[in-house]
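In the UniProt record's numbering, the protein residues as written are 1 to 399.
What follows is a single structure, written as C-alpha coordinates, with notes after it.
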(Lines of atoms letter the chains of each structure in order from A; the text may use other names.)
(Lines give C-alpha, C1' and ligand atoms only; values in the text may rest on other atoms or scores of the structure.)
Protein backbone atom coordinates (compact mmCIF):
# COMPACT_ATOMS: atom_id res chain seq x y z
CA UNK A 1 0.00 0.00 0.00
CA UNK A 2 1.28 3.44 -0.87
CA UNK A 3 0.47 6.90 0.41
CA UNK A 4 0.23 9.36 -2.48
CA UNK A 5 1.82 12.73 -1.77
CA UNK A 6 -0.51 15.11 -3.60
CA UNK A 7 1.28 17.63 -5.76
CA UNK A 8 4.44 15.53 -5.92
CA UNK A 9 5.61 12.99 -8.43
CA UNK A 10 6.64 10.35 -5.91
CA UNK A 11 4.84 7.91 -3.69
CA UNK A 12 5.99 6.98 -0.20
CA UNK A 13 6.08 3.33 0.83
CA UNK A 14 4.53 2.99 4.28
CA UNK A 15 6.21 0.82 6.95
CA UNK A 16 4.04 1.36 10.01
CA UNK A 17 1.09 3.34 11.24
CA UNK A 18 0.27 4.97 14.57
CA UNK A 19 -3.38 5.52 15.44
CA UNK A 20 -4.13 7.92 18.28
CA UNK A 21 -7.91 7.49 17.84
CA UNK A 22 -11.01 8.30 18.43
CA UNK A 23 -12.50 5.77 16.05
CA UNK A 24 -16.11 6.06 17.21
CA UNK A 25 -18.10 9.17 16.29
CA UNK A 26 -18.79 11.93 18.80
CA UNK A 27 -22.36 10.81 19.40
CA UNK A 28 -24.78 10.62 22.29
CA UNK A 29 -24.82 7.56 24.51
CA UNK A 30 -28.47 6.89 23.72
CA UNK A 31 -27.55 6.55 20.04
CA UNK A 32 -24.62 4.20 20.72
CA UNK A 33 -23.95 0.96 22.58
CA UNK A 34 -21.18 -1.51 23.31
CA UNK A 35 -22.13 -3.45 20.18
CA UNK A 36 -22.26 -0.37 17.94
CA UNK A 37 -18.92 0.93 19.21
CA UNK A 38 -17.39 -2.52 18.85
CA UNK A 39 -18.64 -2.83 15.29
CA UNK A 40 -17.13 0.54 14.39
CA UNK A 41 -13.77 -0.44 15.88
CA UNK A 42 -13.89 -3.81 14.12
CA UNK A 43 -14.83 -2.32 10.74
CA UNK A 44 -12.09 0.33 10.82
CA UNK A 45 -9.55 -2.28 11.94
CA UNK A 46 -10.47 -4.57 9.04
CA UNK A 47 -10.33 -1.68 6.56
CA UNK A 48 -6.82 -0.80 7.73
CA UNK A 49 -5.71 -4.42 7.59
CA UNK A 50 -7.03 -4.68 4.06
CA UNK A 51 -5.29 -1.46 3.00
CA UNK A 52 -2.05 -2.25 4.86
CA UNK A 53 -1.96 -6.06 5.02
CA UNK A 54 1.76 -6.38 5.75
CA UNK A 55 2.27 -3.22 7.79
CA UNK A 56 2.44 -3.10 11.58
CA UNK A 57 -0.10 -0.79 13.15
CA UNK A 58 0.21 0.74 16.62
CA UNK A 59 -3.13 1.89 18.00
CA UNK A 60 -4.39 3.63 21.13
CA UNK A 61 -7.96 3.98 22.38
CA UNK A 62 -9.80 7.31 22.18
CA UNK A 63 -12.24 8.45 24.85
CA UNK A 64 -15.21 8.05 22.47
CA UNK A 65 -14.33 4.44 21.72
CA UNK A 66 -15.81 3.29 25.03
CA UNK A 67 -19.48 3.05 25.89
CA UNK A 68 -20.73 4.85 27.89
CA UNK A 69 -18.56 7.60 26.42
CA UNK A 70 -15.41 8.43 28.40
CA UNK A 71 -16.08 5.87 31.14
CA UNK A 72 -13.07 3.58 30.69
CA UNK A 73 -12.87 1.38 33.81
CA UNK A 74 -9.62 0.47 35.53
CA UNK A 75 -10.06 -3.24 34.97
CA UNK A 76 -10.74 -5.77 32.25
CA UNK A 77 -13.97 -5.28 30.33
CA UNK A 78 -15.80 -6.60 27.29
CA UNK A 79 -14.50 -3.88 24.93
CA UNK A 80 -10.88 -4.85 25.70
CA UNK A 81 -11.73 -8.52 25.14
CA UNK A 82 -13.34 -7.87 21.78
CA UNK A 83 -10.70 -5.41 20.61
CA UNK A 84 -7.88 -7.84 21.36
CA UNK A 85 -9.37 -10.30 18.87
CA UNK A 86 -9.03 -7.67 16.13
CA UNK A 87 -5.74 -6.10 17.31
CA UNK A 88 -3.91 -9.31 18.27
CA UNK A 89 -1.78 -9.29 15.12
CA UNK A 90 -0.90 -5.64 15.76
CA UNK A 91 0.08 -6.18 19.40
CA UNK A 92 1.84 -9.43 18.46
CA UNK A 93 3.08 -10.32 21.94
CA UNK A 94 1.38 -12.67 24.42
CA UNK A 95 2.75 -10.78 27.44
CA UNK A 96 1.53 -7.46 26.10
CA UNK A 97 -1.90 -8.98 25.46
CA UNK A 98 -2.21 -9.39 29.24
CA UNK A 99 -1.43 -5.70 29.74
CA UNK A 100 -3.95 -4.76 27.08
CA UNK A 101 -6.70 -6.84 28.66
CA UNK A 102 -5.93 -5.26 32.02
CA UNK A 103 -5.90 -1.61 31.03
CA UNK A 104 -5.91 -1.07 27.26
CA UNK A 105 -2.17 -0.35 27.09
CA UNK A 106 0.85 -2.16 25.64
CA UNK A 107 4.31 -1.67 24.13
CA UNK A 108 6.07 -3.09 21.10
CA UNK A 109 9.34 -2.62 19.22
CA UNK A 110 9.16 -1.25 15.68
CA UNK A 111 10.20 -4.03 13.32
CA UNK A 112 11.82 -1.60 10.87
CA UNK A 113 13.59 0.19 13.73
CA UNK A 114 14.48 -2.52 16.27
CA UNK A 115 15.85 -0.15 18.94
CA UNK A 116 12.73 2.04 18.89
CA UNK A 117 9.81 1.03 21.13
CA UNK A 118 6.24 2.28 20.82
CA UNK A 119 4.57 2.84 24.19
CA UNK A 120 0.79 2.90 23.65
CA UNK A 121 -0.95 4.41 26.66
CA UNK A 122 -4.60 4.53 27.65
CA UNK A 123 -4.71 8.11 28.92
CA UNK A 124 -8.51 8.00 28.84
CA UNK A 125 -8.14 6.55 32.34
CA UNK A 126 -7.01 10.02 33.47
CA UNK A 127 -9.67 12.09 31.67
CA UNK A 128 -11.70 14.53 33.78
CA UNK A 129 -14.89 13.25 32.14
CA UNK A 130 -14.13 9.71 33.33
CA UNK A 131 -15.94 9.23 36.64
CA UNK A 132 -14.77 5.62 37.04
CA UNK A 133 -11.20 6.44 38.01
CA UNK A 134 -11.22 9.82 39.77
CA UNK A 135 -10.79 8.33 43.26
CA UNK A 136 -7.93 6.02 42.28
CA UNK A 137 -4.19 6.67 42.39
CA UNK A 138 -2.98 4.37 39.60
CA UNK A 139 -5.86 3.16 37.44
CA UNK A 140 -5.14 -0.28 35.98
CA UNK A 141 -1.57 0.04 37.36
CA UNK A 142 -0.60 1.87 34.18
CA UNK A 143 1.83 4.24 35.91
CA UNK A 144 3.65 1.30 37.53
CA UNK A 145 3.79 -0.56 34.21
CA UNK A 146 4.91 2.52 32.33
CA UNK A 147 7.87 3.11 34.63
CA UNK A 148 8.85 -0.55 34.40
CA UNK A 149 8.88 -0.43 30.59
CA UNK A 150 10.76 2.87 30.46
CA UNK A 151 13.35 1.66 32.95
CA UNK A 152 13.85 -1.53 30.95
CA UNK A 153 14.24 0.50 27.76
CA UNK A 154 16.86 2.62 29.48
CA UNK A 155 18.83 -0.49 30.46
CA UNK A 156 18.50 -1.97 26.96
CA UNK A 157 19.41 1.37 25.35
CA UNK A 158 16.12 1.57 23.48
CA UNK A 159 14.41 4.82 22.56
CA UNK A 160 10.69 5.19 23.15
CA UNK A 161 7.96 6.95 21.18
CA UNK A 162 4.85 7.49 23.30
CA UNK A 163 1.42 7.44 21.68
CA UNK A 164 -1.96 8.07 23.32
CA UNK A 165 -5.18 9.91 22.67
CA UNK A 166 -5.60 12.48 25.45
CA UNK A 167 -2.48 14.64 25.93
CA UNK A 168 -1.09 15.99 29.19
CA UNK A 169 -0.58 19.72 29.68
CA UNK A 170 -2.76 22.74 29.01
CA UNK A 171 -4.84 22.96 25.84
CA UNK A 172 -4.89 26.54 24.51
CA UNK A 173 -5.91 29.25 23.70
CA UNK A 174 -8.87 28.51 26.00
CA UNK A 175 -6.94 26.88 28.85
CA UNK A 176 -8.16 23.34 29.45
CA UNK A 177 -6.36 20.56 31.30
CA UNK A 178 -7.92 17.34 30.06
CA UNK A 179 -6.64 15.18 32.93
CA UNK A 180 -7.34 15.14 36.65
CA UNK A 181 -4.60 17.19 38.29
CA UNK A 182 -3.08 14.28 40.21
CA UNK A 183 -2.85 12.17 37.05
CA UNK A 184 -1.52 15.01 34.93
CA UNK A 185 1.21 15.73 37.48
CA UNK A 186 2.15 12.06 37.88
CA UNK A 187 2.38 11.60 34.13
CA UNK A 188 4.54 14.72 33.75
CA UNK A 189 6.88 13.50 36.50
CA UNK A 190 7.33 10.11 34.81
CA UNK A 191 7.96 11.62 31.39
CA UNK A 192 10.60 13.98 32.78
CA UNK A 193 12.22 11.20 34.81
CA UNK A 194 12.73 9.21 31.59
CA UNK A 195 13.39 12.10 29.23
CA UNK A 196 16.67 10.45 28.24
CA UNK A 197 14.65 7.49 26.93
CA UNK A 198 11.58 9.17 25.42
CA UNK A 199 12.41 10.63 22.03
CA UNK A 200 8.95 11.94 21.04
CA UNK A 201 5.25 11.84 21.88
CA UNK A 202 2.16 11.85 19.67
CA UNK A 203 -1.37 12.61 20.84
CA UNK A 204 -4.79 13.42 19.39
CA UNK A 205 -8.01 14.55 21.13
CA UNK A 206 -7.59 18.30 20.56
CA UNK A 207 -8.64 17.97 16.90
CA UNK A 208 -6.17 20.78 16.30
CA UNK A 209 -2.58 21.00 15.07
CA UNK A 210 -0.07 21.84 17.78
CA UNK A 211 3.15 21.01 19.57
CA UNK A 212 4.80 21.46 22.95
CA UNK A 213 8.15 20.72 24.58
CA UNK A 214 8.95 19.40 28.04
CA UNK A 215 11.71 21.25 29.92
CA UNK A 216 13.79 19.62 32.63
CA UNK A 217 14.65 21.18 35.99
CA UNK A 218 17.83 22.65 34.52
CA UNK A 219 15.79 24.52 31.94
CA UNK A 220 16.80 22.38 29.00
CA UNK A 221 14.27 21.25 26.37
CA UNK A 222 14.07 17.46 26.56
CA UNK A 223 10.95 15.94 24.90
CA UNK A 224 9.00 17.12 21.85
CA UNK A 225 5.24 16.64 22.03
CA UNK A 226 3.15 16.63 18.85
CA UNK A 227 -0.63 17.05 18.78
CA UNK A 228 -2.00 15.76 15.50
CA UNK A 229 -5.07 17.34 13.88
CA UNK A 230 -7.92 14.96 13.17
CA UNK A 231 -9.50 13.50 10.07
CA UNK A 232 -12.94 14.43 11.40
CA UNK A 233 -13.64 18.16 10.91
CA UNK A 234 -15.35 18.68 14.27
CA UNK A 235 -13.97 19.86 17.56
CA UNK A 236 -14.13 22.30 20.36
CA UNK A 237 -15.11 25.63 18.82
CA UNK A 238 -13.45 26.57 15.50
CA UNK A 239 -14.18 24.44 12.46
CA UNK A 240 -11.25 22.88 10.66
CA UNK A 241 -10.35 20.74 7.67
CA UNK A 242 -9.58 17.00 7.81
CA UNK A 243 -5.86 16.28 8.12
CA UNK A 244 -3.24 13.55 8.00
CA UNK A 245 0.51 13.90 8.43
CA UNK A 246 3.70 12.15 7.41
CA UNK A 247 6.55 12.27 9.93
CA UNK A 248 10.17 11.64 8.97
CA UNK A 249 12.21 10.06 11.74
CA UNK A 250 15.64 8.48 12.10
CA UNK A 251 15.16 4.73 12.42
CA UNK A 252 18.27 4.33 14.58
CA UNK A 253 17.75 7.17 17.07
CA UNK A 254 14.03 7.86 16.74
CA UNK A 255 14.76 11.57 16.33
CA UNK A 256 11.98 13.30 14.42
CA UNK A 257 13.28 15.21 11.43
CA UNK A 258 10.28 16.68 9.62
CA UNK A 259 6.50 16.71 9.29
CA UNK A 260 4.63 16.87 6.01
CA UNK A 261 1.12 18.00 6.90
CA UNK A 262 -1.64 17.18 4.41
CA UNK A 263 -5.23 18.41 4.42
CA UNK A 264 -8.53 18.12 2.61
CA UNK A 265 -10.23 21.41 1.74
CA UNK A 266 -13.68 20.29 2.81
CA UNK A 267 -15.79 23.08 1.24
CA UNK A 268 -13.90 22.62 -2.03
CA UNK A 269 -14.26 18.83 -1.90
CA UNK A 270 -18.00 19.09 -1.28
CA UNK A 271 -18.42 21.55 -4.14
CA UNK A 272 -16.36 19.52 -6.61
CA UNK A 273 -17.57 16.09 -5.41
CA UNK A 274 -13.98 14.84 -5.23
CA UNK A 275 -11.52 14.55 -2.34
CA UNK A 276 -8.05 15.84 -3.17
CA UNK A 277 -5.51 15.83 -0.36
CA UNK A 278 -3.00 18.68 -0.56
CA UNK A 279 0.25 19.51 1.18
CA UNK A 280 -0.40 22.20 3.78
CA UNK A 281 3.15 22.63 5.06
CA UNK A 282 6.45 20.95 5.79
CA UNK A 283 7.82 21.86 9.20
CA UNK A 284 11.45 22.29 8.18
CA UNK A 285 10.67 24.46 5.19
CA UNK A 286 7.83 26.59 6.52
CA UNK A 287 9.05 26.96 10.10
CA UNK A 288 12.71 27.22 9.14
CA UNK A 289 13.93 24.56 11.58
CA UNK A 290 16.75 22.04 11.12
CA UNK A 291 14.72 19.18 12.59
CA UNK A 292 12.03 18.56 15.20
CA UNK A 293 14.29 18.05 18.19
CA UNK A 294 13.42 19.85 21.45
CA UNK A 295 16.19 22.42 20.91
CA UNK A 296 14.95 23.23 17.40
CA UNK A 297 11.40 23.65 18.65
CA UNK A 298 12.64 25.92 21.44
CA UNK A 299 14.33 28.13 18.84
CA UNK A 300 11.06 28.23 16.93
CA UNK A 301 9.20 29.11 20.12
CA UNK A 302 11.46 32.08 20.73
CA UNK A 303 10.58 33.40 17.26
CA UNK A 304 6.89 32.88 17.96
CA UNK A 305 6.99 35.19 20.98
CA UNK A 306 6.67 37.93 18.38
CA UNK A 307 2.95 38.03 17.60
CA UNK A 308 3.58 39.49 14.15
CA UNK A 309 6.11 36.84 13.16
CA UNK A 310 5.33 34.61 10.20
CA UNK A 311 6.04 31.62 12.42
CA UNK A 312 3.28 32.48 14.89
CA UNK A 313 0.76 33.61 12.27
CA UNK A 314 1.29 30.37 10.35
CA UNK A 315 1.06 28.30 13.52
CA UNK A 316 -2.28 29.85 14.46
CA UNK A 317 -3.67 29.42 10.94
CA UNK A 318 -2.56 25.80 10.85
CA UNK A 319 -4.21 24.92 14.17
CA UNK A 320 -7.47 24.71 12.20
CA UNK A 321 -5.76 23.11 9.20
CA UNK A 322 -6.07 26.03 6.80
CA UNK A 323 -9.79 26.41 7.36
CA UNK A 324 -11.44 29.57 6.03
CA UNK A 325 -12.31 30.87 9.46
CA UNK A 326 -12.99 34.28 10.95
CA UNK A 327 -11.16 33.11 14.06
CA UNK A 328 -8.53 35.63 15.19
CA UNK A 329 -5.90 35.58 17.91
CA UNK A 330 -5.63 38.69 20.08
CA UNK A 331 -2.99 39.52 22.68
CA UNK A 332 -4.47 37.26 25.36
CA UNK A 333 -4.81 34.42 22.85
CA UNK A 334 -1.17 34.82 21.84
CA UNK A 335 0.04 34.81 25.43
CA UNK A 336 -2.11 31.77 26.20
CA UNK A 337 -0.63 29.78 23.32
CA UNK A 338 2.94 30.78 24.18
CA UNK A 339 2.52 29.82 27.83
CA UNK A 340 0.84 26.55 26.88
CA UNK A 341 3.84 25.47 24.85
CA UNK A 342 6.06 24.97 27.87
CA UNK A 343 3.85 24.69 30.94
CA UNK A 344 2.20 21.33 31.56
CA UNK A 345 0.17 22.16 34.67
CA UNK A 346 -2.33 24.95 35.28
CA UNK A 347 -0.33 26.59 38.09
CA UNK A 348 2.81 27.13 36.03
CA UNK A 349 0.65 28.14 33.07
CA UNK A 350 -1.10 30.83 35.13
CA UNK A 351 2.23 32.02 36.52
CA UNK A 352 3.50 32.35 32.97
CA UNK A 353 0.48 34.41 31.92
CA UNK A 354 0.91 36.73 34.90
CA UNK A 355 4.45 37.54 33.79
CA UNK A 356 3.51 39.19 30.51
CA UNK A 357 4.69 42.76 30.04
CA UNK A 358 1.31 44.03 28.91
CA UNK A 359 2.12 44.11 25.21
CA UNK A 360 1.47 40.47 24.54
CA UNK A 361 5.12 39.44 24.63
CA UNK A 362 6.50 37.26 27.37
CA UNK A 363 8.85 38.46 30.08
CA UNK A 364 12.21 36.70 29.92
CA UNK A 365 12.48 36.47 33.70
CA UNK A 366 11.21 33.81 36.01
CA UNK A 367 10.36 30.99 33.64
CA UNK A 368 11.40 29.13 30.54
CA UNK A 369 9.59 29.04 27.22
CA UNK A 370 9.30 25.85 25.29
CA UNK A 371 7.40 24.82 22.55
CA UNK A 372 1.94 15.80 18.18
CA UNK A 373 -3.66 10.73 15.94
CA UNK A 374 -2.25 8.32 13.61
CA UNK A 375 1.30 7.68 12.14
CA UNK A 376 3.38 5.69 9.56
CA UNK A 377 7.03 4.88 8.70
CA UNK A 378 9.23 3.94 5.75
CA UNK A 379 12.71 4.07 4.33
CA UNK A 380 13.31 6.84 1.80
CA UNK A 381 16.20 7.62 -0.49
CA UNK A 382 18.83 10.28 0.23
CA UNK A 383 18.70 13.38 -1.88
CA UNK A 384 22.27 14.46 -1.31
CA UNK A 385 25.58 13.41 0.22
CA UNK A 386 25.12 15.48 3.34
CA UNK A 387 21.89 13.69 4.14
CA UNK A 388 23.54 10.35 3.63
CA UNK A 389 26.31 11.24 6.05
CA UNK A 390 23.98 12.39 8.79
CA UNK A 391 21.21 9.79 8.46
CA UNK A 392 21.95 6.18 7.73
CA UNK A 393 18.24 5.36 7.67
CA UNK A 394 15.09 7.44 7.70
CA UNK A 395 11.52 6.41 8.46
CA UNK A 396 8.17 8.07 7.90
CA UNK A 397 5.09 8.19 10.12
CA UNK A 398 1.70 9.38 8.93
CA UNK A 399 -0.65 10.94 11.50
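Where a beta carbon is used, it is the ideal one built from N, C-alpha and C, also for glycine.
Item: The alpha helix (DSSP H) spanning residue 103 covers which residue range?; Value: 94 to 103
Item: Determine whether the beta carbon atoms of residue 119 and residue 155 lie at a separation below 8 Å.; Value: no
Item: Quick one: which unbroken beta strand (DSSP E) runs of 3-plus residues sit fully inside the stretch 55 to 81? Chain order, please.; Value: 57 to 59
Item: The alpha helix (DSSP H) that contains residue 146, what's its start and end?; Value: 142 to 155
Item: Would you call the CB atoms of residue 207 and residue 240 closer than 8 Å?; Value: yes
Item: Please state whether DSSP places residue 189 in a helix, a strand or coil.; Value: helix
Item: Among 313, 62, 300, which has the Cα closest to the Cα of residue 37?; Value: 62
Item: For residue 121 and residue 108, what's the separation of their Cα atoms in angstroms?; Value: 12 Å
Item: Who are the Cβ neighbours of residue 132 in its own chain at under 7 Å, not counting the five residues just before and after it?; Value: 71, 72, 73, 74
Item: For residue 412, which three-state DSSP category applies?; Value: Residue numbering for the chain in the displayed model covers 1 to 399; residue 412 lies beyond these limits and cannot be assessed.
Item: Which of helix, strand or coil does DSSP assign to residue 274?; Value: coil
Item: Kindly indicate the opening and closing residues of the beta strand (DSSP E) around residue 227.; Value: 221 to 227
Item: Is it buried or exposed for residue 288, if we count other Cβ within 10 angstroms and need 16 for buried?; Value: exposed
Item: Can you grab the Cα-Cα spacing for the pair residue 113 / residue 396, in whole Å?; Value: 11 Å
Item: For residue 274, which option in 281, 40, 265 has the closest C-alpha, if you only look at C-alpha atoms?; Value: 265
Item: List the endpoints of the continuous alpha helix (DSSP H) containing residue 315.; Value: 310 to 319
Item: Let's see if you can read the secondary structure: which residues bound the alpha helix (DSSP H) around residue 287?; Value: 283 to 287
Item: Within its chain, find whatever has a CB closer than 6 Å to the CB of residue 44; leave out the 5 residues flanking it on each side and keep chain order.; Value: 23
Item: Look at the Cβ atom of residue 176, then the Cβ atom of residue 198, and state whether they are nearer than 8 Å.; Value: no
Item: Thinking just about the alpha-carbon of each residue, which of 290, 81, 160 is nearest to the one in residue 251?; Value: 160
Item: Do you know whose CA, among 306, 134, 267, 293, lies nearest residue 201's CA?; Value: 293
Item: Assign residue 158 to one of two classes, buried (16 or more other C-beta atoms within 10 Å of its C-beta) or exposed (fewer than that).; Value: buried
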